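K.L.:
Number 175 marks the last residue of the sequence shown (the working numbering); no jumps.
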Amino acid sequence: MRPARFQDFAVETLLKAPEIKNAEPWTEPDRTFGIHLTFNTGAQLWAAITATAAPGDDYDRPEIPVAYEPPAEVAWPDPYEGGKVTPPRAEAFLAAAFTNSGSGEIARAYEYSAGATPTRPTAHPGMGIVFHDESRIQVLFQHTARAGQDKGGRSFDLQDAF
């Protein structure tokens, strides 16, 4: 799945997810594709979308989706720890949202922190999706804001809890 179509799919999928109050496309001058999420608590997450094309895919030609059986649904993880969203919990929650989307194009979704250890932490929080055509989407967390904060053009750092 290519990034433009994924952005639309992500917004549509995440608007149906429990604990998500709002999802909308997000861009910045140096980021073409992204999503801005607001959780029911008011916590916000801005994530960039990057892609790895399927082998032999040419973005100058029309996309040819490949679909098989969608992944089996998984239990929805709680995105909150102590009432706040944490990056690892957001990763698991988003991976579940895409796994549970019913899309036959998705082979699997995974969170980056799943294989992290204290001596080998995740370099950047986020999650990934592997599609049946072997393309990949990376959803990289960029900014967070606690309930009541307004990004207002300022760049927020990633917070341990938001």
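Ideal Cβ placement from N, Cα and C applies to all residues, glycine included.
As the structure is a computational prediction, the values presented were derived from the model and not from experiment.
Which class does GLY166 belong to by DSSP, given the choice of helix, strand or coil?
P.N.:
Here GLY166 scores only 47 on pLDDT, less than 50, and its place in the model should not be relied on; the value that follows carries that caveat. Residue state, collapsed to three classes: coil.
K.L.:
Could you spell out where the alpha helix (DSSP H) holding ARG102 opens and where it closes?
P.N.:
100-112 is the extent of the alpha helix (DSSP H) around ARG102.
K.L.:
Below 8 Å, how does it come out for the segment 83-103 and the segment 42-49: are there three or more Cβ pairs, yes or no?
P.N.:
Short answer: they don't touch.
K.L.:
Just mark ILE77 as buried or exposed, buried being the case when its beta carbon has 16 or more other beta carbons within 10 Å.
P.N.:
ILE77 should be labelled exposed.
K.L.:
Can you tell me whether THR40 is helix, strand or coil according to DSSP?
P.N.:
THR40 falls in the coil class under three-state DSSP.
K.L.:
Compare the beta carbon distance of GLU82 and ALA108 with 8 Å and say whether it is the shorter of the two.
P.N.:
Against a cut-off of 8 Å, the Cβ pair of ALA108 and GLU82 comes out as no contact.
K.L.:
Here's the rule: buried if 16 or more other CB atoms are within 10 angstroms of the residue's CB, otherwise exposed. What is THR40?
P.N.:
Result: exposed.
K.L.:
Would you report the Cα separation of ARG74 and ALA64, rounded to the nearest angstrom?
P.N.:
ARG74 and ALA64: Cα-Cα distance of roughly 16 Å.
K.L.:
Rounded to a whole number of angstroms, what is the C-alpha to C-alpha distance between ALA85 and PRO31?
P.N.:
Each residue's alpha carbon lies about 18 Å from the other.
K.L.:
Enumerate in chain order the residues of its own chain whose CB-to-CB distance from VAL98 is below 6 Å, with the five nearest sequence positions on each side excluded.
P.N.:
So the qualifying residues of the chain are PHE52, ALA56, PRO92, PHE175.
K.L.:
Tell me which same chain residues have a C-beta within less than 7 Å of the C-beta of LEU153, skipping the five on either side of it?
P.N.:
Excluding residues within five positions, the ones whose Cβ falls inside 7 Å are ALA60, ALA61, THR63, HIS137, GLY139.
K.L.:
What do you get for ARG167, buried or exposed, if any count of 16 or more other CB atoms within 10 angstroms of its CB means buried?
P.N.:
Note that ARG167 scores a pLDDT of 49, beneath 50, so its modelled location is shaky; the value from the coordinates is reported in the next line. ARG167 is exposed by the Cβ-count criterion.
K.L.:
From SER148 to ALA36, what does the alpha carbon distance come to, in whole angstroms?
P.N.:
Distance between the alpha carbons of SER148 and ALA36 is about 23 Å.
K.L.:
Checking the sheet assignment: what are the DSSP bridge partners for LYS29?
P.N.:
Answer is none; LYS29 lacks a bridge partner.
K.L.:
Would you mind working out which of LEU50, PHE19, ALA67, ARG121 sits nearest ILE33, comparing C-alpha positions?
P.N.:
Among LEU50, PHE19, ALA67, ARG121, the Cα nearest to that of ILE33 is on LEU50.
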